[in-house]
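Structure first, commentary second.
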Amino acid sequence: MANELNSFDIQEILKLLPHRYPMLLVDRVLDYKPGEYLHAIKNVTANEPIFTGHFPEQPIFPGVLILEALAQATGLLGFKTVENRGDNELYLFAAIDDARFKHPVTPGDTMHLHVQFLKERRNMWKFATEAKVDGKIVCSAELMCARREL
C-alpha cells in the first residue's frame with residue numbers, strides 16, 4: 001500500500017506563517033508528518049528583488065535566504081506538530097549550527113527544503129535541514145527555533 005502524502009498549498013502557508021512578499025520563501029509543502037519531517041519547495045525566479053543587487057550580471061540566491069527558507073519550513077513543521085496553538089504564537093529563529101553551502105542557487109532553480117525534527121526542550125526545537133536542487137545538496141545546517149507567544 002502506497003503512503004499518502006500530506007501536502008498543502010500557499011493558502012495554508014499564508015495562514016501559518018506571518019511572512020509576506022518578499023520575505024515569504026516557501027511556495028508549497030509537498031509532504032510532512034507532524035513531529036517528524038517536512039518537504040517543501042521554493043521556486044527561485046529571476047524577477048525576485050534580491051537579484052537586482054546580488055549579483056546583477058551573475059544572479060545567485062543569497063545563502064542567508066536559503067537558511068531563512070529552511071527556517072520557515074521548520075516553522076511550518078512546528079505549527080503542524082503542535083495542536084491547540086495560540087493565534088499569537090510564533091517560531092523564532094534561535095540558532096544555526098554547522099551551516100554548509102555546497103552549490104550556488106540561481107534563477108530557474110527549484111529548491112527542495114527538507115527539515116527533520118530532532119528534539120524539543122523547553123520550547124526550543126532542533127531540526128536537521130537540507131536544501132537541494134536537482135537532487136544535489138546546496139545547503140545543510142542544524143537550526144533551532146524558539147516557540148514563543150507574542
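If you read the sequence shown in the working numbering, its first letter stands for residue 1, the second for the next number, and so on.
For glycine and all other residues, C-beta sits at the position ideal for the given N, C-alpha and C.
Report the residue from the options whose alpha carbon sits nearest the alpha carbon of residue i.
i, options, result
"residue 83", "8, 16 and 69", "16"
"residue 140", "119, 88, 12 and 69", "69"
"residue 74", "87, 124 and 149", "124"
"residue 65", "135, 51 and 18", "51"
"residue 79", "35, 130 and 21", "35"
"residue 111", "81, 28 and 10", "28"
"residue 130", "81, 67, 95 and 149", "67"
"residue 81", "9, 11, 10 and 147", "147"
Would you report the Cα separation of residue i and residue j, rounded to the nearest angstrom?
i, j, result
"residue 54", "residue 23", "16 Å"
"residue 122", "residue 145", "11 Å"
"residue 143", "residue 116", "10 Å"
"residue 119", "residue 30", "22 Å"
"residue 49", "residue 63", "15 Å"
"residue 2", "residue 37", "Residue placement at residue 2 cannot be trusted, given a pLDDT of 45 that sits under 50; the coordinates are not used to answer."
Is the beta carbon of residue i sitting closer than 8 Å to the one on residue j?
i, j, result
"residue 93", "residue 128", "no"
"residue 137", "residue 76", "no"
"residue 113", "residue 26", "yes"
"residue 109", "residue 133", "yes"
In the DSSP assignment, find the unbroken alpha helix (DSSP H) run with residue i in it and report its ends.
i, result
"residue 106", "No alpha helix (DSSP H) holds residue 106; DSSP gives it neither H nor E."
"residue 129", "Here residue 129 belongs to no alpha helix (DSSP H); instead the beta strand (DSSP E) covers 124 to 133."
"residue 70", "63 to 81"
Would you call the segment 95 to 110 in contact with the segment 52 to 61, where contact means no fewer than 3 C-beta pairs closer than 8 Å? yes
Any chance the segment 33 to 53 sits against the segment 84 to 99, with 3 or more Cβ pairs inside 8 Å? The segment 33 to 53 vs the segment 84 to 99: no contact.
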